[in-house]
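Remarks on the structure that follows.
Numbering (our numbering), first residue to last: 11 to 183.
So this is what it looks like as structure tokens:
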């Protein structure tokens, strides 16, 4: 059995979900390794789980933190001025993936995925019956954690298909 993930020749919803399955296996191994290390530390009496920190009372201080999240990298930026939080920003993977254009003018990840998704939906007789399920699959394969709406414009018509792409608990009412 081969346990090595390789970048696929075709990148689509199926391959993103397959990569996610490999990530689960990888994360299980990392979890096991950390559990073994933690047990060894507890046996040696190393039980401290935090480092004391005092917020500086004078001056300006900047901090940044990056963390791998399920959908990509999560970044936090913080500015403290004279002991007070002056600015705090978070950049989530879903926000980055959903951007319409990159700083270099390229289409964002969702848009690229939709533009390159073959439409294999066949159970419609005219554009009014078209559901856009292939487009939804492409977007949902990123596992977006944000309530958003997708608007698909049918070329040559005034028709716009609107679909909710809410995949997080924040969309539950």
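For every residue, glycine included, the Cβ atom is placed at its ideal position computed from N, Cα and C.
Residue nearest to residue 131 within the set 120, 54, 24 and 145 is 145 (criterion: CA-CA distance). Here residue 142 is buried, its C-beta having at least 16 other C-beta atoms within 10 Å. From the listed residues 92, 107 and 30, the smallest Cα separation to residue 64 is found for 92. Three or more beta-carbon pairs separated by less than 8 Å are not found between the region 88 to 102 and the region 116 to 124, which leaves the two stretches without contact. Judged by DSSP in its simplified three-state form, residue 107 adopts helix.
Assigned with DSSP and collapsed to three states, residue 26 falls in helix.
With at least 16 other beta carbons inside 10 angstroms of its own, residue 148 counts as buried.
Here the alpha carbons of residue 22 and residue 154 stand approximately 15 Å from one another. For residue 20, the closest alpha carbon among the candidates 127, 168, 136 and 162 is that of 127.
Closest in C-alpha terms to residue 24, from the list 42, 69 and 150, comes 150.
Under the three-state reduction of DSSP output, residue 45 falls in the helix class. DSSP, reduced to helix, strand and coil, places residue 79 within a strand of the structure shown.
In this structure, residue 88 sits away from residue 69, with a CB-CB distance that is not shorter than 8 Å. Secondary structure of residue 64 (DSSP, three-state): coil. Of 67, 61, 78 and 57, the smallest CA-CA separation from residue 40 is found for 78. Annotation: residue 100 is outside any alpha helix (DSSP H); the continuous beta strand (DSSP E) that includes it extends over 94 to 101. Within its own chain, the residues whose Cβ lies closer than 6 Å to the Cβ of residue 18, once the five positions on either side in sequence are excluded, are 25, listed in chain order.
Considering only 104, 169, 30 and 57, the residue with the shortest C-alpha distance to residue 121 is 104. For residue 124, the enclosing alpha helix (DSSP H) covers residues 119 to 125.
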